[in-house]
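> Under my numbering, the first residue of the sequence shown carries the number 150, and numbering increases by one thereafter.
Where is the CB? At the ideal position from N, CA and C, for every residue including glycine.
Computed from a prediction, not measured in an experiment: that's the story for all the values here.
One structure coming up, written as structure tokens, with questions to follow.
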Amino acid sequence: IGNITDKVLAMKEEAQKAGVTIIPDLGVAPGMINILSGYGASKLDEVESIRLFVGGIPAKPEPPLEYNHVFSMEGLFDHYTDPALIIRDGKKQEVKALTEVESIHFDEYGELEAFHTSGGTSTLPITFGDVDTLEYKTIRYPGHAEKFKLLVDLNLTSKDAFVNIDGQEINTRQVLLKALEPFVKLGDKKDAVLLRVVVGGKKNGQKQYHQFQMTTTKDMESQVTAMARATANTISVVAQMIGSGVIDQQGVYPPEQIVPGKEYIEEMAKRDVVIREETYEDESYVSV
150 IGNITDKVLA MKEEAQKAGV TIIPDLGVAP GMINILSGYG ASKLDEVESI RLFVGGIPAK
210 PEPPLEYNHV FSMEGLFDHY TDPALIIRDG KKQEVKALTE VESIHFDEYG ELEAFHTSGG
270 TSTLPITFGD VDTLEYKTIR YPGHAEKFKL LVDLNLTSKD AFVNIDGQEI NTRQVLLKAL
330 EPFVKLGDKK DAVLLRVVVG GKKNGQKQYH QFQMTTTKDM ESQVTAMARA TANTISVVAQ
390 MIGSGVIDQQ GVYPPEQIVP GKEYIEEMAK RDVVIREETY EDESYVSV
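Here is the structure:
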């Protein structure tokens with residue numbers, strides 16, 4: 150957002166001189182998916198593909214949007230409006246958000262949908278710029294992308310779209326944000342975060358796929374949302390790794406280049422955020 154990550158990465162020499170470690174983008178996406186991508190890549194001799202799926206959804210969807218927000222709706226509109234950066238056939242390219250919808254299954258939630266959104270890949274296209282495929286998609290309940298694509302196509306999510314009403318210039322995005330408030334407020338309801346990372350390539354000349362999957366829900370006793378649990382624990386675990394010397398490099402590094410995946414998964418499990426890993430030699434066994 151606002152090219153902040155690029156500005157932070159540019160401070161590498163300053164951080165090294167100051168003897169500090171800076172790791173930007175430590176959330177879920179980007180953040181957790183970066184760490185797991187780096188960990189999966191470390192298990193391969195050659196990385197060919199990285200496919201990322203993440204979604205924050207209500208545990209029990211309600212019409213009309215079947216969505217409750219767990220972070221800024223302004224940010225959500227940006228992700229739905231701006232193009233997504235991907236790598237396809239070895240070439241970096243942009244695709245429109247809310248497109249190329251595909252089905253994805255999670256046992257607890259059944260058939261869901263996944264589609265392109267902006268921002269999720271963050272530094273991964275730089276770190277893994279030579280892969281054949283790198284794609285990030287957002288998970289929602291079926292039909293969500295179509296509903297929001299209509300709003301985007303009507304220019305209702307744009308920061309720059311204004312209409313004149315009785316002599317006053319009104320931003321359509323601000324009107325939509327207000328109109329959606331009662332429909333997207335989470336309140337006391339339970340949310341869930343679903344994540345799947347699939348890193349494919351070759352090991353000892355043979356095809357191999359490493360799949361990481363996480364499902365976590367809101368702690369109803371403390372009222373800490375699933376998104377907050379996944380995000381805050383990621384930040385906490387990595388900060389403690391720096392403090393304890395597990396991470397001892399100084400400078401600025403994206404998560405996939407510096408956070409040890411095995412230790413990260415173990416520490417997250419201690420905080421009841423469980424990430425399961427599976428390895429396949431046949432892509433047909435990979436869950437999508």
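#1: Rounded to whole angstroms, what's the CA-CA distance from K241 to F277? Just pull it up for me.
#2: Apply the 10 Å Cβ neighbour rule to V280 and answer buried if 16 or more other Cβ atoms are within range, or exposed otherwise.
#3: How would you label R322, buried or exposed, when you count the other beta carbons within 10 angstroms and need 16 or more for buried?
#4: For M363, which of helix, strand or coil comes out of DSSP?
#5: Looking at C-alpha atoms only, which residue of D155, A208 and M160 is the closest neighbour of M376?
#6: To the nearest angstrom, report how far apart A350 and E426 are at their CA atoms.
#7: Nearest-angstrom Cα distance between L247 and V348?
#8: What residues in its chain sit with their C-beta under 8 Å from that of G410, if we drop five residues either side in the sequence?
#9: Would you call the CB atoms of L344 and M369 closer than 7 Å?
#10: Quick check on this structure: which residue in K338, T383 and E262 has the alpha carbon closest to the alpha carbon of N217?
#11: DSSP on F255, reduced to helix/strand/coil?
#12: Taking DSSP as the reference, what is the three-state secondary structure of H228?
#13: Among E260, D194 and L234, whose alpha-carbon lies nearest the alpha-carbon of S271?
#14: What residues match up with D340 in a beta bridge as DSSP calls it?
#15: What distance in whole Å lies between the Cβ atoms of L201 and A167, which are believed to be in contact at a cut-off of 8 Å?
#16: Which whole runs of the alpha helix (DSSP H) in the segment 288–337 are 4 residues long or more, in chain order?
#17: Q372 by DSSP, collapsed to three states: which one?
#18: What does S198 pair with, by DSSP beta-bridge criteria?
#19: Are there 16 or more other CB atoms within 10 angstroms of the CB of H293, so buried, or fewer, so exposed?
#20: Give me whichever residues DSSP pairs with F264 in a beta bridge.
#21: Report yes if the C-beta distance between T306 and T230 is below 7 Å; otherwise report no.
#22: For I424, which beta-bridge partners are listed by DSSP?
#23: On a Cα-Cα basis, can you pick out the residue from G400, N304, V387 and I407 that is closest to E163?
#24: Could you pull out every residue in the same chain whose Cβ sits closer than 6 Å to the Cβ of F361, ignoring the five residues on either side in sequence?
#25: What is the rounded straight-line gap between the Cα of H254 and the Cα of E318?
#26: For V157 and Q355, what's the separation of their Cα atoms in angstroms?
#27: Which of the three DSSP states is assigned to K356 in this structure?
#28: Can you give me the start and stop residues for the beta strand (DSSP E) that L234 sits inside?
#29: Could you check what DSSP says for I172 in three-state terms: helix, strand or coil?
The answer reads as follows:
#1: On the sequence shown, residue 241 is found 92 positions in, with the first residue counted as 1. On the sequence shown, residue 277 is found 128 positions in, with the first residue counted as 1. If you take the alpha carbons of K241 and F277, they lie about 11 Å apart.
#2: Translated into positions along the sequence shown, residue 280 becomes position 131. So V280 counts as buried.
#3: The residue given as residue 322 occupies position 173 in the sequence shown. R322 should be labelled buried.
#4: If you number the sequence shown from 1, residue 363 lands on position 214. M363 falls in the strand class under three-state DSSP.
#5: Position 227 of the sequence shown holds residue 376. Checked all of D155, A208 and M160; the closest Cα to M376 is A208.
#6: For the purposes of this step, residue 350 is taken as the residue at position 201 of the sequence shown. For the purposes of this step, residue 426 is taken as the residue at position 277 of the sequence shown. The residue asked about is misnamed: residue 350 is Gly in this sequence, not Ala. Going by the C-alpha atoms only, they are around 16 Å apart.
#7: On the sequence shown, position 98 is the one that residue 247 refers to. On the sequence shown, position 199 is the one that residue 348 refers to. Looking at the two C-alpha atoms, the distance is approximately 23 Å.
#8: For the purposes of this step, residue 410 is taken as the residue at position 261 of the sequence shown. Around G410: I184, L185, G187, Y188, G189 and S191.
#9: Here residue 344 refers to the residue found at position 195 of the sequence shown. Here residue 369 refers to the residue found at position 220 of the sequence shown. No. Outside cutoff.
#10: The sequence position of residue 217 within the sequence shown is 68, counting from 1. Minimum Cα distance to N217 is reached at K338.
#11: What you label residue 255 is simply residue 106 of the sequence shown in a count that begins at 1. Here F255 sits in strand by DSSP.
#12: If you number the sequence shown from 1, residue 228 lands on position 79. H228 falls in the helix class under three-state DSSP.
#13: Locating residue 271 in the sequence shown gives position 122, counting from the first residue. Comparing Cα positions, the closest option is L234.
#14: To locate residue 340, count along the sequence shown from 1; it is residue 191. The partner list for D340 (beta bridge, DSSP) reads P207.
#15: Taking the first residue of the sequence shown as position 1, residue 167 is located at position 18. Taking the first residue of the sequence shown as position 1, residue 201 is located at position 52. The pair is not a contact, with the Cβ atoms about 32 Å apart (cut-off 8 Å).
#16: 293–302 and 321–333
#17: As a working mapping, residue 372 is identified with position 223 in the sequence shown. If DSSP states are grouped into helix, strand and coil, Q372 belongs with coil.
#18: Taking the first residue of the sequence shown as position 1, residue 198 is located at position 49. DSSP lists T282 and G349 as partners of S198.
#19: Stepping through the sequence shown from its first residue, residue 293 is reached at position 144. With 16 or more other Cβ atoms within 10 Å, it is buried.
#20: The count along the sequence shown starts at 1 and reaches residue 264 at position 115. Paired residue(s): T287.
#21: Taking the first residue of the sequence shown as 1, we reach residue 306 at position 157. Taking the first residue of the sequence shown as 1, we reach residue 230 at position 81. Taking 7 Å as the Cβ cut-off, T306 and T230 qualify as a contacting pair.
#22: For the purposes of this step, residue 424 is taken as residue 275 along the sequence shown, with counting starting at 1. DSSP output for I424 lists M363 as bridge partner(s).
#23: Start at 1 with the first residue of the sequence shown, and residue 163 comes out as number 14. The option with the nearest alpha carbon to E163 is G400.
#24: For the purposes of this step, residue 361 is identified with residue 212 of the sequence shown, where counting begins at 1. So the qualifying residues of the chain are L185, V346, I424 and E426.
#25: For this step, residue 254 is matched to residue 105 along the sequence shown. For this step, residue 318 is matched to residue 169 along the sequence shown. Approximately 44 Å, taken between the alpha carbons.
#26: To locate residue 157, count along the sequence shown from 1; it is residue 8. To locate residue 355, count along the sequence shown from 1; it is residue 206. Taking the straight line from one Cα to the other gives about 38 Å.
#27: Here residue 356 refers to the residue found at position 207 of the sequence shown. In the structure shown, K356 sits in a strand (DSSP, three-state: E or B).
#28: As a first step, residue 234 must be located in the sequence shown, where it is residue number 85. A233 to R237 is the span of the beta strand (DSSP E), which, as asked, contains L234.
#29: Here the question's residue 172 lines up with position 23 in the sequence shown. Residue state, collapsed to three classes: coil.
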